[in-house]
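Please read the structure below before turning to the comments.
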Amino acid sequence: MGSSRLNKFGLFSLLIAVVVMGSSCSYYNRVMARMNLVDGAAAYNERKFDEAMEKFRRAVSYDPDGNTLESKTAQLFLARTLHSLFAGNRKKKENAERAIEEYQKALPGFVREVAENKAAVDANPNDPKLRSTLEKNSAITGSIVSAIGSLYENLQQEDKWEAWQQKTADNAELPASVRANALVGMAAKDYTCASEITDNEAVKKTVTKDGEQAFEFVKPEDEADFAKLKKCVQEGSTDVDKAIALSPDSDSAWSYKASLLVQNMRIAEMEGNSEQQAKLKKESETAKAKFEELAKIRREKEEEEARQKAKEVGGEVKGSDKSDGSGTEEKK
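Just so we're on the same page, the numbering used here is the position in the sequence shown counted from 1, plus 70.
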């Protein structure tokens, strides 16, 4: 206990020395923000969440505009603490609402950081450290965007979720991969909409062809359902194509492209258009092959990164148990 206090006092003394030497209010603010950030993280780890949030808020108060790393990090930690509290007790929806507010405050600072990182990488494209920093901050930005969307879903605020996804997709200041993920999220909803109609027993008939059982798809009896099916497939296909244009190496986007092509193929079958059905079948198989290729590359990259991290701590990694990110696609 005494040693811990001594170490903390030593760190504080060192930081104050920097403040005095710099003789600048900004240095003092950063030192105090950092001390509160460290104390807040310690309180969080001890599950003293109220204390942690108080410390994080105090850290943010030294730079409300989020121009320093300390302030941006504290703002993010405050949002994540509220998110964790909601995850622990879903009845307290006010924590989710507050988490959304704090995430939205944290986002602009990281968006600016990504823009600065990208400019640095563009100026020095062969610098691996700059590229690594860009990837890290892009990932943090993506996690904030995803967290907000997830909370809207948990609160069953579908209109706000959809508006947030569209706003994200349209925001040119965000990393392309983040915008693509928002579009994939909307495409996934449209795929679910379509599959709920085409997987209905009244539409998906089991028949015997050449001595083997197969599925045959017929139009829904209700014309409104058929119109809804076509609308969902069209909108989902548009979104997934935009996602691929933004992030061509997104295996998730290619997965849903393949799935939505299958849904389009079912529509062609319902309309008796065998030529279009055959064309869409080939396109879906091509998209599926692209998805599998990209998913394999991603898994290998993740496994290599895990091996490198294991080496750093003297461990060993035998394989990856991560999913292939294929979503809920179904191939006919």
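Each residue gets a CB set at the ideal place from its N, CA and C atoms; glycine is no exception. Keep in mind it's a predicted model, so treat the numbers as computed, not measured.
Proximal residues to residue i (C-beta, below 7 angstroms), its chain only, five neighbours per side dropped
i, result
"V383", "none"
"A284", "V277"
Counted within 10 angstroms of its Cβ, other Cβ atoms place residue i as buried (16 or more) or exposed
i, result
"M172", "In the sequence on display, residue 172 carries Glu and not Met. With 16 or more other Cβ atoms within 10 Å, it is buried."
"S96", "exposed"
"D120", "exposed"
"V288", "exposed"
"N251", "buried"
"A129", "buried"
"E186", "exposed"
"Q378", "exposed"
"G281", "exposed"
"S202", "exposed"
"E140", "buried"
For residue j and residue i, the rounded distance between their alpha carbons
i, j, result
"E372", "V277", "43 angstroms"
"A157", "L225", "12 angstroms"
"F361", "L204", "25 angstroms"
"K52", "L200", "Residue 52 is absent from the structure shown; the chain starts at 71 and stops at 402."
"E271", "A323", "28 angstroms"
"K142", "R182", "11 angstroms"
"A144", "R249", "25 angstroms"
"L155", "L330", "37 angstroms"
"K279", "E370", "40 angstroms"
"I367", "K206", "19 angstroms"
"Q174", "H153", "13 angstroms"
"Y222", "V191", "34 angstroms"
"S344", "Q227", "41 angstroms"
Strand pairing of residue i, partner residues [DSSP]
i, result
"A323", "According to DSSP, which records beta bridges pairwise, A323 is partnered with nothing at all."
"A359", "None, per the DSSP bridge assignment."
"T203", "According to DSSP, which records beta bridges pairwise, T203 is partnered with nothing at all."
"K279", "E282"
"F287", "K274"
CB contact flag (residue i, residue j, <7 angstroms)
i, j, result
"S307", "A328", "no"
"Q236", "G255", "no"
"D309", "A257", "yes"
"I214", "A166", "no"
"K351", "M340", "no"
"Y114", "A122", "yes"
"I267", "D295", "yes"
"T138", "R100", "yes"
"E305", "D240", "no"
"A264", "C302", "yes"
"Q347", "A359", "no"
"I170", "I210", "no"
Own chain residues within Cβ distance below 6 angstroms of residue i, not counting five before or after
i, result
"S208", "V184, P245"
"N77", "With a pLDDT of 48 at N77, under the threshold of 50, the modelled position of this residue cannot be trusted, and the question is left open."
"G484", "In this structure the chain extends from 71 to 402, so residue 484 is not present and cannot be described."
"F147", "F126"
Close Cβ partners of residue i (< 8 angstroms) along its chain, the five nearest in sequence each way excluded
i, result
"S247", "S208, G212, L316, S317, S320"
"F216", "First, the residue type needs correcting, since residue 216 is Ser and not Phe in the sequence shown. Closer than 8 angstroms at Cβ, skipping near neighbours: N251."
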